[in-house]
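A.B. asks: One structure coming up, written as structure tokens, with questions to follow.
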Amino acid sequence: MIYELRTYTPYPGKLERLHQRFREVTLGRFAAHGMQVIGFWEAEGEGEGERDLIYLLAFPDRATGEAAWDAFRADDEWIRAKAASETDSPLNAKVVSRWLDPTDYSPLR
Numbered sequence: 001m002i003y004e005l006r007t008y009t010p011y012p013g014k015l016e017r018l019h020q021r022f023r024e025v026t027l028g029r030f031a032a033h034g035m036q037v038i039g040f041w042e043a044e045g046e047g048e049g050e051r052d053l054i055y056l057l058a059f060p061d062r063a064t065g066e067a068a069w070d071a072f073r074a075d076d077e078w079i080r081a082k083a084a085s086e087t088d089s090p091l092n093a094k095v096v097s098r099w100l101d102p103t104d105y106s107p108l109r
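Taking our numbering, the leading residue of the sequence shown gets 1, the next gets one more, and so forth.
Printed below as a string of structure tokens:
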């Protein structure tokens, strides 16, 4: 098993719209493409009073994860939902993705 840690830094005032998009569309599209969500968190952002959205996904291997992301990004329902949620501007200022390989002593292996 391999994990992907993703950190989204939303533009000021956009975090709630980002949460809404995850609740209403993104989670369903993740499931449709075999993307296993381990959890979601908020963390202090770089700006005063700002919050980042952080989540962890699990995949059997990196190739499977990358293929799932390719399919997700090409998904018509996702493309429409993303465009509809960003009519005035993008929600995220920055997205950081890190692939995590569990150590031999990690409970998540």
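We treat Cβ as the ideally placed atom computed from N, Cα and C, and that holds for glycine. Just so it is clear, the structure is predicted and the values come from calculations on it, not from any experiment.
When DSSP labels each residue in this structure, what does G65 get in the three-state scheme?
C.D. replies: helix
A.B. asks: Can you tell which of S85, I2, T9 has the C-alpha that lies nearest to the C-alpha of K94?
C.D. replies: T9
A.B. asks: Which residues mark the beginning and the end of the alpha helix (DSSP H) in which K82 is found?
C.D. replies: Annotation: the continuous alpha helix (DSSP H) that includes K82 extends over 76-85.
A.B. asks: Would you list, in sequence order, the uninterrupted alpha helix (DSSP H) runs of no fewer than 4 residues that lie entirely inside the stretch 35-63?
C.D. replies: none
A.B. asks: Run through DSSP, which three-state label would R109 get?
C.D. replies: coil
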